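Chains as they are written, first to last, in my numbering: chain A, 166 to 453; chain B, 164 to 938; chain C, 5 to 166.
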Amino acid sequence: MPVFHPIDVDEAVELLARRGPRRILAGGTDEMVRINHGAAVGEGEEIVCLNNITELRSWAFESDRGVLVIGAAVPWTELASGAIATLCPSLAEAARTVGSPQIRNAGTLGGNVATASPAGDGLCAAVALDAVAVIRSAAGSRRVPVAELVTGPKQTGLGPEELITSFEIPLTEGYQGYAKVGVRNAMVISIAGACLVVDEQHGISRLALGSVGPTILRCPEAEPLITDVILNRSGNTARLDEIVDSVRSAARPIDDHRATADYRRHAVGVLARRLVTRAISAREENNT
Amino acid sequence: MSDVIAATRERAVLGTSPTRPDAPAKVSGQFDFASDLTADGAVWGATLRSPHPHARIRSLDISPALAIDGVRTVLTADDVPGTNSFGLISSDQPVFAVDIVRFVGEPVAAVAADDPETCRRALEAIIVDYEILPALIDPEAALDPATPAIHPLGNVVRHQRIICGDPDINGEVTVEGDYEIGMQDQAFLGLEAALAIPDADGTGIELQIATQWLHEDRQQIARCLGLPEESVRLTLAGVGGAFGGREDISLQVHACLLALRVGRPIRMHYSRSESFLGHVHRHPARIWMRHHADRNGHLVKVEARYVFDGGAYASTSSAVLINAVTHTQGPYRCENAVVDGYAVRTNHLPCGAMRGFGVVQACFAHESQMDRLAAACGLDVLEIRRRNAMESGDRLITGQTVTSVAPVRRCIDETEALPLPDKAVGHGDHPYSLPGGAGLTTDTTDVVRGIGYAVSIKNLMYSEGFDDYSTARCTIENGVVSIKFATAEVGQGFVTLAGQIARSVLGVDEVVLEPIDTGVGSAGSTSASRQTWMSGGAVKEACELARDSVIASVALARGVEPGQLELLGTEIVDPIDGWRIAMTDAIQGVSVNEEAVYRHRPTVALNELGQGACHTAFAFAAHRAVVDVDVELGLVKVVQIATAQDVGRALNPISVIGQIEGGIAQGLGLAVMEEIVQVDGVIRNASFTDYLLPTIADMPPVEIALIEEPDPEAPLGAKGVGEPPTISSTPAIVAAIRDAIAQRHPEATPLSRVPVRPSDVVDAFRGLRPTDHDR
Amino acid sequence: MTGSKDDREFELTVNGKRLTVSGAPVGASLLSVLRDNLGLTGTKGACEEGECGSCSVMLDGNLVCACLVMASTVTEASIATIEGLAPSGTLSRVQEAFVDHGAVQCGFCTPGLIMAVSDLIDRQPNADRETIREELAGNLCRCTGYGRIIAAVESLLNEGDL
């Protein structure tokens, strides 16, 4: 089992272009769980370890494009605080809820998206933020919105020869926030999550829902209502109820050992209402 | 006891909190837990388990596994030289399944191979052809005589009634309820592990094992191996927590069988997921209770029906059941009772001992009932408990008289007097101050604060006529005092206490603790809150014999009567002739070897009507919980727990506090998050990702009042302290959640099951008209 | 449990020493290599999926779960384990605080917690209680209910204030 430590993306994608079974390893917080639990690494399998590719572990704010470019292997800890937290608070809030400090020191947004769990905290934020995944292969590169890249539970449109190298997140003015429900106060997998991003400049908002469907869901019907309520201060109980109902209809949850479908549907509506309420308060505070 | 109390406080004697002797090794990673042990030439063992809750084994083909390079042996039921069954009370569980498997995880075969990976491949290679049988998963159905028996011993493990006083009497006020308790896991962090080393001639074996009871293990292992007990020697390996989950046999017999077969040491470790299948759990239970009282709230009668789901094999189900039924009344006076309890067999995971042992389930029900009764009588929840509080000398519904010190009222009063949290809902800006924690789930406005109380009674030591004893030996050679016992140190701190006892009794400061193994008589189990009392009593008596022996030799040398001398602190003093000699000097050149066996007073089995003095002693505790509940999402943040506990005497206050805080954490876990989920007999959350334990962010500060009224029946005045914190903390938290829910809507359905899931809170409001609070 | 044997040797830098690992299974975690190949059993395993913190070690200055690190991918990294925290026969002040405050019962979670607390007080010597909770939320303890652990940590932080 050769382990390769490419030092740049070119080398990595060349390795991925070769035949044969392989695994990509970055933070290890998902892949190593599978290996420890018996998904044995095969004889001829190659491991492509991304830890030495500095490009994947750095981020930059491209002010000309208004885009935050985050390397796919930047660990959660770095996303949860500092400058990124100021530029992109919802991603930071989501990052802070991932696992434990140990997990946040290792796990990455790239891994979260590639794993494609509907409970992925970072994935939910990435969808609400309209993040675009930059994907490289030996054949070239392509840019795919995260919302389109993830196609189902643990399913993505990534080819075996492809690598997510970064995410481009268009920065917006306006409230953004992430909230999730878990049965424990820390180190818990979301049983319902929601991320709201209000783009005041374009007069739109995006609400992404986690853990209530096969993948992260958007709320195309609720979003215009949310925008209206927040930007036009048309909020009242009835309007909020309408949003909650709409969000709950958008949810497609299942029953499992973590929660019932009924509860997940209920909870995601509550989270949506709270995020919208927080957005309204934040706007009022800014205006005073 | 006067000599003990007279010991000076500066020394590491009873009543002080010396540091643990094993702590330096534990903090530096040098302490060997069972999973850290290895031996030259060791190979690995692993277990093949049933994937089905109930199935017939049509055929079992081990030959593909034996053909794998590196596989040393594969064992099945045919290879068990002794009895192919074990069990703590009834020997009803096969070492390896024969014909039928009865739960998901039942061992079918074991392999030994050169490394864990080869073991894994060998397990995969074994071909088992199963014919799936209908699984019995409803414990009520198990009671139906028409249901086919899933075990030759039948589906009802034990039925116990209690009829006390006038069964037909009724109270002016009655309240009733149905309650449900989910299956909790002990979830000790140190997974099951053992090192089995066969004797060179193959006629005996040494087992280094993390267990709660070396001698009981030895007895069961020897029977299965077909060896005399003296050929099976057990040494306690480092134990990473136990909580009842190591009282039964798990991998002990398998490891020994493999070692004897391959003639090499065997290392055997469970993974976390295997551990969930490999040890017994806390019984899930359904309980109905009806309380009768007069209009002043004085209890007139309790009625109850219990159904405990014991899973596929008996383990300690019968003892757990009688603990529950005999604690139906709680720490309250009650003269009339009609109780029916069943422990049944199903195709679920086997259940047995876990901290609280049946009383956890009973207490959740009776404390929920006491709150209902208070409401029905228009009384405060504490007032109704005070009016009924049990006292020493009261008769229980079993007819047994409580002879223990019973400061129930003090527990209640002192709990109430402890300070409440000084901060309002959602103080500070850290998300951990609110329900949902890091998830930024909740805003202050969504939260209602609730307060709840619960009080408990718990029996200490073994019951129903069990010959319960502990052994200790004190030797003095070459001026060195050594203590030997077989008491399993599972983390509770008996190793600290043993030294304190020896120092107090003997007046020396240096005490050597010998290895914990079967080289001395049984200590009984580290369970039932019994080791401080039982092994503490044995160590005390052994040390007293040794002390008297030293004094006698000093007296002989000085030509005085031994009765003329007394030990004061660290010196033997002759008050008449006016001389003194330091104990450390007195033991030089003296050779002493004293062994003591401590027994508590005998108990009797319950008769058919549930009458009999079946328990030894009792301890009491009260808990107050303050919780912040996000009533809309059903999320709970426990803000504070306050407790006053009847400890008899705090022999090591820091250890006592550690037991109280740790026990409460497990009670909190059962209250709001811990449950093994089985669907159609298959466990769905056998991992720490999905079986949630409280983290440091979930555990609140604990305010503690230790009630020290030394119990004259206890050898050191001290009661066991391990279990009470786990028992009434759970119902206190649930009462607090109910309080919060009721503040939001007085007609909300009271919660009746633990753990309280978020959906249970949400459902409590189902169908109600919105109140002013609701947006 | 990982794939077939890899004959290739690799080296790790653990507690400042360059050590050779041979015969580790393919894809083996750092946890299993530390324990089974290097005999450093102070690092404990209790879940093998990053949910308990018992195997916490420092990897290039970051606290991580050794069970989630593939050993053969960190040959160039600096790894610090519980064994390297204090010279043999001595205790670090974190270790001493755990001993003195009764923060140890069964002790299985202790090495991982001590690594986490050592990291915490290095990075945030003035942490408040909620920060302590957030920073230690990845380390499960089943015995203590965390009360004495918090007492031990706070004693270290208070020391810093003096």
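Virtual Cβ for every residue (Gly too), placed ideally from N, Cα, C. Here the structure is a predicted model, which means the values were calculated and not measured.
Contact check for B:A849 against B:S198 fails: the beta carbons are separated by 7 Å or more. With a cut-off of 8 Å on Cβ pairs, the stretch 728–744 of chain B is not in contact with the stretch 593–606 of chain B, counting fewer than three such pairs. When the five nearest sequence neighbours on each side are left out, the beta carbons in the same chain lying within less than 8 Å of the beta carbon of A:E365 are those of T337, E338, G339, L396, in order along the chain. Shown here, B:Q347 sits in coil according to DSSP, grouped into three states, outside any helix or strand. As a beta-bridge residue in DSSP terms, B:H322 pairs with B:Y505. Straight through space, the alpha carbons of A:M352 and A:T262 are spaced by roughly 7 Å. With its beta carbon less than 7 Å from one in chain A, C:C69 belongs to the interface.
Per DSSP, the continuous alpha helix (DSSP H) segment holding B:Q382 begins and ends at 377–388. Contact between B:R458 and B:C540 holds, with the beta-carbon distance rounding to 7 Å and staying under 8 Å. The beta carbon of B:L856 sits closer than 7 Å to some beta carbon of chain C.
In the displayed model, C:Q109 falls within coil according to three-state DSSP, outside both helix and strand. Counting C-beta atoms within 10 angstroms of its own C-beta, A:N451 has fewer than 16 neighbours from the protein chains shown and is therefore classed as exposed. Under the 7 Å criterion on CB atoms, C:Q109 is classed as interfacial with respect to chain B.
Close to chain C, meaning a Cβ-Cβ distance shorter than 7 Å, are the following residues of the stretch 252–269 of chain A: G264, S265, P266, Q267, I268. Against B:V925, the close residues of chain A are Y428, H431, in the order they occur along the chain (beta-carbon pairs closer than 7 Å). Residue contact check for C:G46 against chain A: no CB pair falls below 7 Å. Straight-line measurement puts the Cα of B:P570 at about 49 Å from the Cα of B:T210. Contact annotation for B:S567 against chain A: no contact, minimum CB-CB distance about 37 Å [criterion: below 7 Å].
In terms of beta-carbon proximity, A:K345 lines the interface with chain B, with at least one pair separated by less than 7 Å.
It is roughly 5 Å from the alpha-carbon of B:Q375 to the alpha-carbon of B:E410. In the structure shown, the three-state DSSP call for B:G613 is strand. Chain-ordered listing is empty here: chain A has no CB closer than 8 Å to the CB of B:Y505, the nearest sitting near 27 Å. Distances from the CA of B:Y616 to each of B:L545, B:S555, B:T608 were compared; the closest alpha carbon is that of B:L545. Residue burial is scored here from C-beta neighbours: A:W241 has at least 16 other C-beta atoms within 10 angstroms and is therefore classed as buried. The residue from B:I429, B:Q347, B:D341 with its alpha-carbon nearest to that of B:I368 is B:I429.
The three-state secondary structure of C:N19, taken from DSSP, is coil.
Between C:G54 and C:C69, the CB-CB gap stays under 7 Å. Minimum Cα-Cα distance from C:A75 among the listed residues C:K48, C:L67, C:A28 corresponds to C:A28. When C-alpha distances from B:S480 are compared across B:A651, B:F520, B:V465, the shortest belongs to B:F520. C:G106 belongs to the set of residues whose beta carbon lies under 7 Å from a beta carbon in chain B. Residue contact with chain A for C:M119: absent (no Cβ-Cβ distance below 7 Å to any residue of chain A).
Of the residues assessed, B:W207 falls on the buried side of the cut-off, its CB having 16 or more other CB atoms within 10 angstroms.
Assignment of B:H529 by DSSP, reduced to helix, strand and coil, places it in the helix class.
Listed in chain order, the non-local C-beta contacts of B:L229 below 7 Å within the same chain comprise V237, local neighbours out to five positions each way being set aside. In this structure B:S685 is buried. Its beta-carbon is surrounded by 16 or more other beta-carbon atoms within 10 angstroms.
One finds nothing in chain B with a Cβ atom closer than 9 Å to the Cβ of A:V309; even the nearest lies about 29 Å away.
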